[in-house]
Amino acid sequence: MLILLPPSEGKATAGEGPRLDTAALTLPELAPARARAVAALTELCGGPEDTALEVLGLSAGQSEALKRNLDLATAPTLRAADLYTGVLYDRLGLPDLLDSPNADRTRESVLVFSGLWGVVGPTDPLPPYRLSMGVKLPPLGGLGAFWRRAMAAPLGALAEDRLLVDCRSATYAAAFKPTGPTAERTVAVRVLRERVVDGTARRSVVSHMAKATRGDIARALLAERVEAATPEELVAALRDLGHTVELPPATRPGTARVMDVVVRD
14 MLILLPPSEG
24 KATAGEGPRL
34 DTAALTLPEL
44 APARARAVAA
54 LTELCGGPED
64 TALEVLGLSA
74 GQSEALKRNL
84 DLATAPTLRA
94 ADLYTGVLYD
104 RLGLPDLLDS
114 PNADRTRESV
124 LVFSGLWGVV
134 GPTDPLPPYR
144 LSMGVKLPPL
154 GGLGAFWRRA
164 MAAPLGALAE
174 DRLLVDCRSA
184 TYAAAFKPTG
194 PTAERTVAVR
204 VLRERVVDGT
214 ARRSVVSHMA
224 KATRGDIARA
234 LLAERVEAAT
244 PEELVAALRD
254 LGHTVELPPA
264 TRPGTARVMD
274 VVVRD
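First residue of the sequence shown? That's 14 in my numbering, and the numbers climb one at a time after it.
See the structure below:
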């Protein structure tokens with residue numbers, strides 16, 4: 014099983030580890046693409062501040078992020094598990110899992126997508142940075158398309174014969190789109206809030222709740238050592254753990270399934 018996660022917008026701002034070594038990150042085949050992304054980001058952030066802030070989608074009050082982006086080569090690093098913060102990561106609790114008997118499983122099963130690194134593992138040492146997958150970074154262009162080209166072969170090989178539990182947002186899902194049999198083993202996690210209004214159950218998507226619930230689902234799969242090879246086995250395992258989940262039929266052959274996790278008020 015592979016659990017695919019987005020990064021967090023908020024991140025820790027300082028580490029204590031060694032300097033960045035892009036070849037030491039998960040999928041070292043991505044080192045050339047990572048070097049290109051770092052060079053492009055460094056050039057942008059070393060230029061006019063207003064331009065860099067606009068391209069990165071940041072406000073004037075977030076200019077400190079530009080300095081961190083300029084220090085990528087020399088800044089102390091920290092594990093991805095400690096770098097990423099926010100609702101999903103608070104509920105997932107990667108540091109705790111990495112200090113538990115489930116450490117090996119966590120290292121082998123979790124992939125975090127990144128606008129700067131493509132994809133990383135939870136123990137990969139990273140410097141603090143700020144770059145969303147939704148950015149069009151000169152001269153690379155849209156990062157979703159840039160990483161989709163770079164990652165298709167190595168990540169496709171890693172995902173072969175494994176169930177993919179996709180907790181990514183649409184922005185990060187653009188960087189890797191499983192195809193063929195791999196797509197048929199992919200389950201995109203959608204979270205629906207169910208409320209009874211005037212005696213009728215109504216469902217809606219709530220983004221904050223979705224992040225928390227995806228963190229809960231990912232933690233349950235790791236902490237409970239769930240073994241599932243198919244979408245149907247995944248649903249059965251989560252139901253056994255007390256989650257309300259539904260698996261609509263695939264829309265057509267060769268496409269990912271959508272698993273609805275229903276959270277009731």
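All residues carry an ideal CB built from backbone N, CA and C; glycine is no exception.
Selection from the options that minimises the alpha carbon distance to residue i
i, options, result
"LEU17", "ALA236, LEU251, PRO191 and ALA50", "PRO191"
"VAL51", "PRO141, ALA269 and GLU77", "PRO141"
"PRO89", "THR64, PRO114 and ALA25", "ALA25"
"ALA94", "GLY60, VAL239, GLU67 and LEU139", "LEU139"
"LEU124", "GLY134, GLU237, ARG175 and ASP63", "GLY134"
"ALA263", "PRO244, LEU254, MET222 and LEU205", "PRO244"
"GLY59", "ASP211, ASP84, GLY193 and LEU129", "ASP84"
"ARG47", "VAL218, MET164 and VAL258", "MET164"
"LEU9", "THR257, ARG32, ARG49 and GLY30", "Outside the displayed span of the chain (14 to 278) sits residue 9, for which this structure offers no information."
"GLU246", "ARG175, THR184, THR226 and ARG118", "ARG175"
"LEU205", "HIS221, SER127 and ALA183", "HIS221"
"ALA170", "THR184, ALA183, GLY193 and GLY155", "GLY193"
"VAL219", "VAL274, THR87 and SER127", "VAL274"
"LEU129", "THR119, ARG118, GLY99 and ARG81", "ARG81"
"PRO19", "LEU144, THR64 and GLU77", "LEU144"
DSSP three-state assignment for residue i, whether helix, strand or coil
i, result
"GLY28", "coil"
"SER76", "coil"
"ARG206", "strand"
"MET14", "coil"
"LEU176", "coil"
"VAL68", "helix"
"VAL248", "helix"
"ASP278", "coil"
"LEU91", "strand"
"GLY155", "strand"
"LEU150", "strand"
"ARG161", "helix"
"THR199", "strand"
"ARG270", "strand"
Beta-carbon proximity of residue i to residue j, cut-off 9 Å
i, j, result
"GLU207", "VAL276", "yes"
"SER1", "LEU15", "The chain is shown from 14 up to 278; residue 1 falls before or after that span and cannot be answered."
"GLY23", "LEU91", "no"
"LEU69", "VAL148", "yes"
"TYR102", "GLY212", "no"
"ALA56", "ALA166", "Checking the sequence, you will find Glu at residue 56 rather than Ala. Contact flag unset, no."
"ASN115", "ALA241", "no"
"THR195", "MET146", "no"
"VAL248", "MET272", "yes"
CB contact check: residue i to chain B, cutoff 9 Å
i, result
"GLY70", "No chain B is part of this structure, which consists of one protein chain only."
- Task: Taking 8 Å as the threshold, find out whether the stretch 31 to 41 comes into contact with the stretch 185 to 202 through three or more Cβ pairs.
- Result: Output reads no: the stretch 185 to 202 does not touch the stretch 31 to 41.
- Message: List, from N- to C-terminal side, the beta strand (DSSP E) runs of 3 residues or more that fit wholly inside the stretch 109 to 142.
- Response: Within the stretch 109 to 142, the complete beta strand (DSSP E) segments at least 3 residues long are 123 to 127 and 131 to 133, listed from N- to C-terminus.
- Message: Three Cβ pairs or more, each shorter than 8 Å: is that satisfied between the stretch 155 to 162 and the stretch 173 to 190?
- Response: Taking one beta carbon from each stretch, the stretch 155 to 162 and the stretch 173 to 190 have 3 or more pairs nearer than 8 Å; the two touch.
- Query: Counting Cβ pairs, one atom from each stretch, are 3 or more of them under 8 Å apart for the stretch 224 to 242 and the stretch 103 to 111?
  - Reply: With the cut-off at 8 Å, the stretch 224 to 242 and the stretch 103 to 111 touch.
- What are the complete alpha helix (DSSP H) segments, minimum 4 residues, inside the stretch 211 to 262? Entirely contained in the stretch 211 to 262, the alpha helix (DSSP H) runs reaching 4 residues are, in chain order, 220 to 236 and 244 to 253.
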